[in-house]
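> Sharing a structure with you now.
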Ligand code: FES
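This is the structure we're talking about:
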């Protein structure tokens, strides 16, 4: 309703006083149906943040030892969202009676995703990875959670040279970064220190990344080969790769984080200057294995299942075939954020990233919480 000033004295005040009744009449006359207009901003938002989308397994190619590169194409009617090199996606499928989800770093670049291709590297490690490697067929459709995580180069936060330290399949996010540097969607220098047992275990061919801005050093711990370093990542090697413009990124096993982190500290680079990708939280050692009763509410549905004290609540949910929302599986992203109705639990060492308000009002992250008694929780809906 547009109010235009009148030249007749008193007219403005009369029209102003009638505005409320006019507005009420217009509201009463309008339809109860929600507006259906499809705004450009909503379309863009849906493209950037599709939540869960569907993808088709287009191929599997063996790489390294007990690993394969899996190529995904968008399912009909969908497209791949934009992401930053270094981010991960989650894949979900029903496997037998279970509904499993796992996070995999993207090995492909943002440019490849724009061209309709995504690649992940899956190493034989656990039920879902085994399923993807040996049972999932070409042409099968999987649910994919949108790219997530903050393990990427940010020119405001990070410096112009990245020292990337990787072990085993931890090299995957750096493959994406190197491709992005080569194709021009990222602009920084990268030195990769990649530790593997033998050359055949390496998940990529270093010669495929020849570029002035990329330096690759393969360190073979159990093999001596001409042209490659032998042994482990040492303090001297780290020192040789660090200049005044270096940010350190690490992705690999926890033992590598502890060892390399200690060597970096000795070189004067503290934890604040080192970014490490969080590993999925798995089983824990317990003095005595116990099985508790877990009652789960999803909106108005209720399930009762068994939960072991050496496995996370998320594992118990997946084993029971309950589609449970998860992304990082390391307590960081908050996507599995659930409400504790009653019961006791323990959070995995050093991985309690809940906000103070979540702790105060009894919220927990099932991906990093182990049951200590019978429990009742309310979890979010998984829109597969
Ligand atoms: S899945 Fe990220 S916090 Fe649980």
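Residue numbers (the numbering used here): 1 to 384. Backbone N, C-alpha and C define an ideal beta-carbon position, used for all residues, glycine too.
(1) Less than 8 Å separating the beta-carbons of residue 256 and residue 167?
(2) I need the DSSP call for residue 118, collapsed to helix, strand or coil.
(3) In whole angstroms, what is the alpha-carbon distance linking residue 299 and residue 337?
(4) Below 7 Å, is the gap between the Cβ of residue 335 and the nearest heavy atom of ligand 1?
(5) Starting from the Cα of residue 327, find the closest Cα among 266, 382 and 161 and give me that residue.
(6) Looking at C-alpha atoms only, which residue of 6, 296, 325 and 14 is the closest neighbour of residue 343?
(7) Buried or exposed, going by whether 16 or more other CB atoms sit within 10 Å of the CB of residue 23?
(8) Residue ranges of each beta strand (DSSP E) run of no fewer than 3 residues wholly in the stretch 61-141, ordered along the chain?
(9) Just to confirm my understanding: we take residue 178, look at its own chain, exclude 5 residues before and 5 after, and list those with CB closer than 7 Å. What are they?
(10) For residue 32, which beta-bridge partners are listed by DSSP?
(11) Using a 10 Å radius around the Cβ and a threshold of 16 neighbouring Cβ atoms, would you call residue 18 buried or exposed?
(12) When you measure from the CB of residue 329 to every non-hydrogen atom of ligand 1, does any distance come out below 7 Å?
(13) Looking at the secondary structure, which residues open and close the alpha helix (DSSP H) in which residue 256 lies?
(14) What would DSSP say about residue 295, mapped onto helix, strand or coil?
(15) Nearest CA to the CA of residue 60: which residue from 207, 139 and 216?
(16) Is it buried or exposed, residue 156, if we count other Cβ atoms within 10 angstroms and call 16 or more buried?
(17) For a test of the three-state rule: what should DSSP assign to residue 251, helix, strand or coil?
(18) Could you tell me whether the Cβ atoms of residue 199 and residue 220 are closer together than 8 Å?
(19) I'd like to know whether the C-beta atoms of residue 267 and residue 235 end up nearer to each other than 8 Å.
(20) I'd like the span of the alpha helix (DSSP H) that includes residue 45, first residue to last.
Taking the coordinates as given:
(1) yes
(2) strand
(3) 14 Å
(4) yes
(5) 382
(6) 296
(7) exposed
(8) 67-74, 88-95, 98-105 and 118-123
(9) 190, 209 and 214
(10) None, per the DSSP bridge assignment.
(11) Its Cβ having fewer than 16 others within 10 Å, residue 18 is exposed.
(12) yes
(13) 254-266
(14) strand
(15) 139
(16) Counting the other CB atoms within 10 Å of its CB gives residue 156 a total below 16, which places it among the exposed residues.
(17) strand
(18) yes
(19) yes
(20) 40-48
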